[in-house]
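J.:
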Amino acid sequence: MNVSSAFLKIAALYLLVGMMLGIYMGGSGDHSLVSVHAHINLLGFTLMVVFGLLYRFIPGLAEGWMGKTHFWLHQLGALVLLIALYLMMSGRLPASTVGPVLPLAEGALIIGTAIFAVNLWRRV
Ligand code: HEM
Ligand code: HEM
0 MNVSSAFLKI AALYLLVGMM LGIYMGGSGD HSLVSVHAHI NLLGFTLMVV
50 FGLLYRFIPG LAEGWMGKTH FWLHQLGALV LLIALYLMMS GRLPASTVGP
100 VLPLAEGALI IGTAIFAVNL WRRV
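This is how it looks when you write it as structure tokens:
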């Protein structure tokens, strides 16, 4: 598995979904999903592009278990967080139901980010 390519390919999918939601919000005038839109684009697209480029251009960063673990934790955390946020902000599920899921997703994201940070410090 190529961590850089995987981040970049998935980033493009998030951009597509994020833009479609932005276009829907602009067209409908309903901005209630703005935080979902913002984080699909930022956590999904922008951050994954940055990761994808760093794994491509920093020698050794993608080698070993750290890059792959970071990739999977970020995928899992971002997907669960964004779906949970969508369900909550759209009113499909109450905050009391979705709430307990959020720390799990956030935990995956922050552990992934910590692994990335240690890996980066070792390589640059
Ligand atoms: C087709 C492209 C896009 C459209 C039509 C669009 C549309 C919108 C709309 C209608 C809002 C709500 C504004 C408000 O309620 O004040 C918004 C907010 C936002 N958008 Fe987009 N957007 C697009 C692409 C992007 C991209 C690519 C990013 C980031 C990479 C982005 C980041 C944000 C952020 C961070 C906010 C929240 C801003 C705030 O809190 O005031 N958007 N967008
Ligand atoms: C663990 C990941 C993250 C969590 C739990 C999180 C949580 C939050 C929360 C609770 C808000 C306030 C939303 C509101 O007032 O309705 C917010 C807003 C915002 N966050 Fe994040 N965030 C995360 C990651 C990021 C990242 C990585 C970026 C940028 C690269 C980012 C950019 C923003 C921006 C621009 C806003 C203001 C737009 C909005 O109102 O949604 N966030 N975030």
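Just so we're aligned, residue 0 is where the sequence shown starts under numbering that gives the first Met the number 0, counting upward by one.
The C-beta atom is built at its ideal place from N, Cα and C for all residues, glycine as well.
Rounded to the nearest angstrom, what separates Ala-61 and Asp-29 at their Cα positions?
T.: Approximately 41 Å between the Cα atoms of the pair.
J.: Around the Cβ of Tyr-129, are there at least 16 other Cβ atoms within 10 angstroms (buried) or fewer (exposed)?
T.: The first residue shown for the chain is 0 and the last is 123, placing residue 129 beyond what the model contains.
J.: Using the beta-carbon of each residue, find all residues closer than 7 Å to any heavy atom of ligand 1 and list them in chain order.
T.: Here the residues come out as Leu-14, Gly-17, Met-18, Gly-21, Ile-22, Met-24, Gly-25, His-30, Val-33, His-36, Ala-37, Asn-40, Leu-41, Phe-44 and Thr-45.
J.: Taking the alpha carbon of Leu-20 as the reference point, which residue from His-69, Arg-122 and Ser-34 has its own alpha carbon closest?
T.: When only C-alpha atoms are compared, the closest one is Ser-34.
J.: Which residues mark the beginning and the end of the alpha helix (DSSP H) in which Gly-51 is found?
T.: That run of the alpha helix (DSSP H) goes 46-56.
J.: Closer than 6 Å: is that where the CB of Leu-52 sits relative to any heavy atom of ligand 2?
T.: Outside the cutoff, so no.
J.: Check Glu-105 in the structure and name its three-state DSSP category.
T.: Here Glu-105 sits in helix by DSSP.
J.: State yes or no: is the C-beta of Gly-76 within less than 7 Å of the C-beta of Ala-113?
T.: Not a contact, by the Cβ cut-off of 7 Å.
J.: Within 10 angstroms of its Cβ, does Ser-3 collect 16 or more other Cβ (buried), or is it exposed?
T.: So Ser-3 counts as buried.
J.: Could you give the distance in angstroms between the alpha-carbon of Ala-83 and the alpha-carbon of Ser-95?
T.: Between Ala-83 and Ser-95, the C-alpha separation is close to 11 Å.
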